Amino acid sequence: MKKRLMARSVDTRERLLNAAESLLAERGIEATSMRAITSLARVNLAAVNYHFGSKEGLIVAVYARRLGPVNKERLALLAAAEGAGAKPVLNDVLRSYVAPVMHLIHDASRGGEVFMRLLGRSLYEPGDYLGQLFRDEVEPVLNTFTAALHRCLPQLSSEELFWRMHFGGGALAYTLAQIHRLEMLSKGACDPKDVEGVISRLVDFVAAGMQTGGQQVRTKKK
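What the sequence shown shows, in this note's numbering, is residues 39 to 260, in sequence order.
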């Protein structure tokens, strides 16, 4: 009896996560009501409060379900890249960050296509719904990779490194969110399904930007 109740509870939680992920990817956070989520999941509102505490808690859990394993893989790949103890290779560090999430969005068994659309939506969401997610899932991993990039590029100041990370992150985010458009724009010349090719091109592109030039930039005089 106890095992059946536990299994039912897990099933309810998964149905809520699947329903929320699907609707959030389709409509966005602001336009997705709790009523719509519970209706699609065939559960009552009390189930949301029981499993997640609130709509925000459910939203964070939707992202964390996919990003948690991705971030674990990122850290494992980074540890392997730095395992020899020598100065890490920039391309290897970047690949450790890029490859896991790129593999995810091409993996239908892990909900990759839906999550890709969800990531695209999240770029334009107002408010701070994902603040907790950033603090819990993203920031610790970014801190680890920032330290690794500092070791790769010791000639860059912290300010310059963060600018270049920001631009590189933008390239990754746009690729994740809009890669499906590339085949049409290129009239079939580019194959977005060539995952390893996408990863290699993106890593090479970002690495070139990270390493280019010096630190002297034009700034507005105060």
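All C-beta atoms, glycine included, are put in the ideal place defined by N, C-alpha and C. Quantities reported herein were computed from a predicted structural model and do not represent experimental measurements.
(request) Grab me the residues of Ile237's own chain with a C-beta within less than 6 Å of its C-beta, minus the 5 sequence neighbours each way, in chain order. (result) Contacts found: Val136, Ala137, Met140.
(request) Return the Cβ separation of Ala186 and Leu116 in integer angstroms, given the expectation that the two are a contact with Cβ distance under 8 Å. (result) Indeed they touch by this definition, with Cβ atoms about 6 Å apart.
(request) Identify whether Ala118 lies in helix, strand or coil by the three-state DSSP scheme. (result) In the three-state scheme derived from DSSP, where H, G and I count as helix and E and B as strand, Ala118 is classed as helix.
(message) Quick check on DSSP: helix, strand or coil for Asn82?
(response) In the structure shown, Asn82 adopts coil according to DSSP, grouped into three states.
(request) Name the residue from Gln249, Leu240, Gly208, Glu175 whose alpha carbon lies nearest to the alpha carbon of Leu199. (result) Restricting attention to Gln249, Leu240, Gly208, Glu175, the CA atom closest to the CA of Leu199 is found in Gln249.
(request) Report the three-state DSSP secondary structure of Gln216 (helix, strand or coil). (result) Under the three-state reduction of DSSP output, Gln216 falls in the helix class.
(message) Less than 8 Å between the beta carbons of Ser60 and Val152, yes or no?
(response) The answer is yes: Cβ separation under 8 Å.
(message) Given this structure, state the Cα-to-Cα distance separating Leu240 from Lys110, to the nearest angstrom.
(response) Computed Cα separation, rounded: 21 Å.
(request) Starting from Asp130, trace the alpha helix (DSSP H) both ways and give me its first and last residue. (result) Where Asp130 is concerned, the enclosing alpha helix (DSSP H) stretches over 128 to 143.
(message) Could you tell me the alpha carbon to alpha carbon distance between His218 and Pro230, rounded to whole angstroms?
(response) In a straight line, the C-alpha of His218 is about 7 Å away from that of Pro230.
(request) Using alpha carbons as the reference points, say which of Arg53, Pro178, Gly206 lies closest to Leu105. (result) When only C-alpha atoms are compared, the closest one is Pro178.
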